[in-house]
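Written out below as structure tokens is the structure these notes cover.
Laid out in structure tokens, this is it:
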């Protein structure tokens, strides 16, 4: 049993939240847990919940709440926790059951510890108990003050932990945590001081001073106060670049007021002529912040700290550290691009630290702020000033005009070897003035946009992390817990889309919540509606990064991006995108390429575009917020209409023999989408198959459900011939559901028959027969004679499999009558071929051959290549039974050639088995074994149990 108030108020049993507690009941329970083991009168509870104005029913509500809480606990087998005393009520949890008590105990134990490492461990465990603001989900009069008191206790623990970590040299590890807390509590001096200390010790002096200036300004603006003397001392120490700046009023560890050990300076310490006093007083942050520059330029480094748990990117680092040309006097430029959160800056900084020794004249860094929340991109002139001042150029020497600054910049770098990181660039125009001239320098540029206009630059596009690297990153951050749950880690990585930012945030949440299992985090991430909100902290988040990229798009790009989130398929081509956005194909392709250039889309093959899973959810959320329901509906309708029209056009080219069986489509295919030949039509269907099925399955509203049935009927031959059984089951199932909802008997009968064929091919004759019989009854009720004939053929196939040849023959002959009455020559040929199989099974081989030959001629007359292949293959079987193995082999070879030429995979295994049987009859057991083996492999891949059995028996025969 577990009671929690440090976050959502809850009662859990074995990790499962107990049902039955309304929000008002939780408010009562939380107050009693806050005062555990104290007897609380009804009047005190009323005052806590409602304050000075309780309702008339307050006392009755107290009794009702107590009863509800007790009922929930009793249902879980817990007695005695909630007690009724003469003076009121008392909650008496057992040790370890209440998170607040555990937090208090851990903090107290940490304070009493002499070992700093053990104290830090206990504080981190205490803070890991927090799952959000205290008393989340509870509204009552007492909540605000109680929450504030507990939050103050939490912050005190955060500050104490930071002090211990800083004293132990863990400044780099605490920067992210402290930055998040300072963002939430900007007027908390001790937090701010700890962050300044951590930044300073990580070599980020300018950032540390900027944090201090921000605190000073806020304190003056909001409270009219000045910082404490201790804070001023810290700020002065950072400004002077002392090696070990003291913490705010507490040095490193809380209560320790030690001072720095002597005047030793950091490499980036202020030097004469480069102090902060030279900058105008009104300049505060960013490129205007005062910079401290060493007198020895070779020592200068303004690189951010390198992430200790950096993982992967082996190939990229190899390119950056070994494969790049190092020609003397020539600038080397590498443009690193990738989607938001891909880890571009981390890669550039990590590489820069590894390469630092090669560039002894300086390592410089500037954030160009193309995608920085709340800030405009940095102008080239401002960036050059910032870089010049990093080189030690006094501010009075820096010209005002950008072109003059660029000339000075190139002159300062002439003949030097400097490494420059230009982070977060907007475009090539922003970067071009910042490039050195005659210099052996290296420039690493990061951008969310591809920079093809940056002449002579090496382009390095980074994608998401491969699974091993992402798993290594989680293991480095989380530790043994990740190693103990490899399957859950794999699921978390998949739900994060292997995006480094998402993986890092997810792992950080686990690290700071020691009671969470990896599986629990995976469960939280499975909910698509909350996934992006889960992948966020107070300082950064995946959705926030995506939003910044989205806002950089122009209106047309924004609209297409958010509409792409509505697309239920896995990828999209220009014609489908054009339909979705009501655009011309060329305009759509242009916008898709624009989105690809800024990494809002990915491209896995030419002409096919897709959204990263997390970007897809962001696009969907954005569409819900910015598109009306009518516009979203209209976009999907256009896409469905396009799918159906294009599929119809492709099938007409690929299967002209059965055009009469496909539904009429009024809307033509998109302008320009013309299928020149069967190969082109087949390639389009292969590329769009998954999208077509997913789109049809996505439809839920009644007036568009006919789309599933129309598409199922249109694609039947393609799905059957190419053995796409799983897709077929999905599409036909959706078509059946839609037909029943619309009371469409013909559609329902068709879908039942189609489902029956798939089950029959997969070897489930019982289920196939059930579907065929239901289809037959439905079609007869609806007067659908063609549907009745198709169902009869299916039943005939099942009867053949059961050796019920008379019943099979009767079904085929009735179907033949119906097709001839309808003038359906394709159906007539199918029936003749099926009757030939029955005669073959009955030993009437000559009659079987005649029927297959008649079917073959009819298939050829109507141009049915698939039917021709089937008839040839069956004719081969009949010839073999008549003792004509060479003729049988010729028929099977021609059948196999047709199957393969047109991609009819369903028939390949059958033809291979036929060839094997002919080879065996010709005394070539080795060739028979080879062919049966190939047939077995293919039949297993396609799930064709009949041909698997046939191949296995053949192999046994050749081995015997």
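Residue numbers (my numbering): 16 to 975.
Note that beta-carbon positions come from the ideal geometry of N, C-alpha and C, so glycine has one too.
These figures come from a predicted structure and were not determined experimentally.
Beta-ladder partner(s) of residue i, from DSSP
i, result
"residue 624", "587"
"residue 31", "28"
"residue 352", "462 and 476"
"residue 18", "26 and 113"
"residue 106", "97"
"residue 610", "None, per the DSSP bridge assignment."
"residue 457", "347 and 434"
DSSP three-state assignment for residue i, whether helix, strand or coil
i, result
"residue 380", "strand"
"residue 714", "coil"
"residue 948", "helix"
"residue 675", "helix"
"residue 413", "coil"
"residue 469", "coil"
"residue 154", "coil"
"residue 219", "coil"
"residue 958", "coil"
"residue 408", "coil"
"residue 617", "strand"
"residue 55", "strand"
"residue 597", "coil"
"residue 72", "coil"
Cβ-Cβ distance between residue i and residue j below 9 angstroms
i, j, result
"residue 740", "residue 776", "yes"
"residue 227", "residue 23", "no"
"residue 744", "residue 770", "yes"
"residue 592", "residue 624", "yes"
"residue 764", "residue 959", "no"
"residue 563", "residue 557", "no"
"residue 116", "residue 51", "yes"
"residue 973", "residue 935", "yes"
"residue 653", "residue 595", "yes"
"residue 250", "residue 211", "yes"
"residue 521", "residue 507", "yes"
"residue 711", "residue 726", "yes"
Residues near residue i by beta carbon distance below 8 angstroms, same chain, minus five either side
i, result
"residue 233", "201 and 202"
"residue 627", "354, 479, 512, 514 and 617"
"residue 103", "54, 55, 56, 57, 59 and 60"
"residue 948", "966 and 970"
Residues of its chain near residue i, where Cβ-Cβ distance is below 7 angstroms and the 5 sequence neighbours each way are ignored
i, result
"residue 571", "606"
"residue 500", "532, 533 and 534"
"residue 87", "26, 33, 35 and 36"
"residue 498", "490"
"residue 691", "none"
"residue 336", "366, 369 and 370"
"residue 40", "80, 83 and 84"
"residue 13", "For residue 13 there is no data in the structure shown, the boundaries of the chain being 16 and 975."
"residue 767", "751, 786, 789, 790 and 793"
Closest Cα partner of residue i within the set the options
i, options, result
"residue 651", "701, 581, 599 and 614", "581"
"residue 980", "862, 846 and 95", "Lying outside 16 to 975, the shown extent of the chain, residue 980 is not represented and no answer is given."
"residue 424", "446, 412 and 451", "451"
"residue 342", "454, 436 and 603", "454"
"residue 361", "449, 443, 380 and 161", "380"
"residue 866", "843, 92, 375 and 648", "843"
"residue 473", "430, 488 and 352", "352"
"residue 609", "902, 893, 62 and 466", "466"
"residue 350", "319, 441 and 386", "441"
"residue 987", "434, 801 and 813", "Because residue 987 is not part of the residues shown, which for the chain are 16 to 975, the question remains open."
"residue 74", "96, 43 and 93", "43"
"residue 220", "597, 394, 319 and 334", "319"
"residue 890", "364, 870 and 400", "870"
"residue 837", "802, 823 and 134", "802"
Residue i Cβ short of 8 angstroms to the ligand FMN heavy atom set
i, result
"residue 807", "Inclusion of the ligand FMN in the displayed structure is not the case, the ligand content being empty and no account of it being possible."
Own chain partners of residue i with C-beta closer than 6 angstroms, once the 5 adjacent residues on each side are dropped
i, result
"residue 287", "Because the pLDDT of residue 287 is 26, which lies under 50, any placement of that residue in the model is unreliable, and the question is left without a value."
"residue 122", "141 and 172"
"residue 937", "900"
Short CB-CB distance (under 9 angstroms) between residue i and chain B
i, result
"residue 408", "In the structure shown, chain B cannot be found, because there is only a single protein chain."
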